[in-house]
Structures are given as C-alpha cells and as structure tokens.
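Let me begin by presenting the structure, written as structure tokens, before commenting on it.
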Amino acid sequence: MASGFQRKGDSFHPKQSKGNKTKRTKCLNSKVLKSPPQGWVKINFDEAIRPNISMVAIVCRKDNDEILFAHSFSWKS
Numbered sequence: 001m002a003s004g005f006q007r008k009g010d011s012f013h014p015k016q017s018k019g020n021k022t023k024r025t026k027c028l029n030s031k032v033l034k035s036p037p038q039g040w041v042k043i044n045f046d047e048a049i050r051p052n053i054s055m056v057a058i059v060c061r062k063d064n065d066e067i068l069f070a071h072s073f074s075w076k077s
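Going by full-length UniProt numbering, the sequence shown wraps up at 77, each residue one higher than the last.
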C-alpha cells in the first residue's frame, strides 16, 4: 500500500504520526472510498484549507482495490 495511507475496513485514511496533536472535525458529508466498477480506475481527491496551511490528498485505485498511486502534499498559505 502507498505510504501516507492506511486501510480501515473498506476505506482509506491518512496515516497519523504518533506526535500529531491536530484537532480533527468530522465532515458532515464524509464518504467512504468505494471500489470502481470492474475494468475501471478510480481517482479520489480531497483538500483542506486552513488559515496558515492547505493540503491535498490523491488516491488512484484499480477495481481490485490495488492502489496505483497515492500522494498527499501541503503548502503554507
């Protein structure tokens, strides 16, 4: 599996570092990443914008849940 993500059941979540004390809020429209139809590749992405930092995460998966690409990056605003 690509670094930066861990699987929890049928969904993928960013890995948390042990020293991470960031407060998280639950999204009201949070969705679980579903497998794409057979023969398809699916790309999911999400972004977060805070006053001092912005972040983007991208996951590209095959229909058998094999991760082809996963990356996250951030930059200071």
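Note that CB positions come from ideal geometry on N, CA and C, so glycine has one too.
Residue i, DSSP secondary structure in three states
i          : result
residue 76 : strand
residue 2  : Reliability of the predicted coordinates at residue 2 is poor, the pLDDT of 47 falling under 50, and the value obtained from them is presented with this limitation in mind. In this structure, residue 2 counts as coil in the three-state DSSP scheme.
residue 35 : coil
residue 67 : strand
The ligand SAM heavy atom lying under 7 Å from the CB of residue i
i          : result
residue 35 : Inclusion of the ligand SAM in the displayed structure is not the case, the ligand content being empty and no account of it being possible.
Own chain partners of residue i with C-beta closer than 7 Å, once the 5 adjacent residues on each side are dropped
i          : result
residue 63 : 35, 36, 37, 38, 39 and 40
residue 76 : 52 and 53
Run of the beta strand (DSSP E) containing residue i, from where it starts to where it stops
i          : result
residue 44 : 41-49
Cβ distance (whole Å) where residue i is taken to contact residue j below 8 Å
i          : j          : result
residue 70 : residue 53 : That pair is no contact at about 20 Å.
residue 60 : residue 43 : 5 Å
Cβ-based neighbour list, residue i, same chain, cut-off 8 Å, excluding 5 preceding and 5 following
i          : result
residue 46 : 56 and 57
residue 74 : 53, 54, 55 and 56
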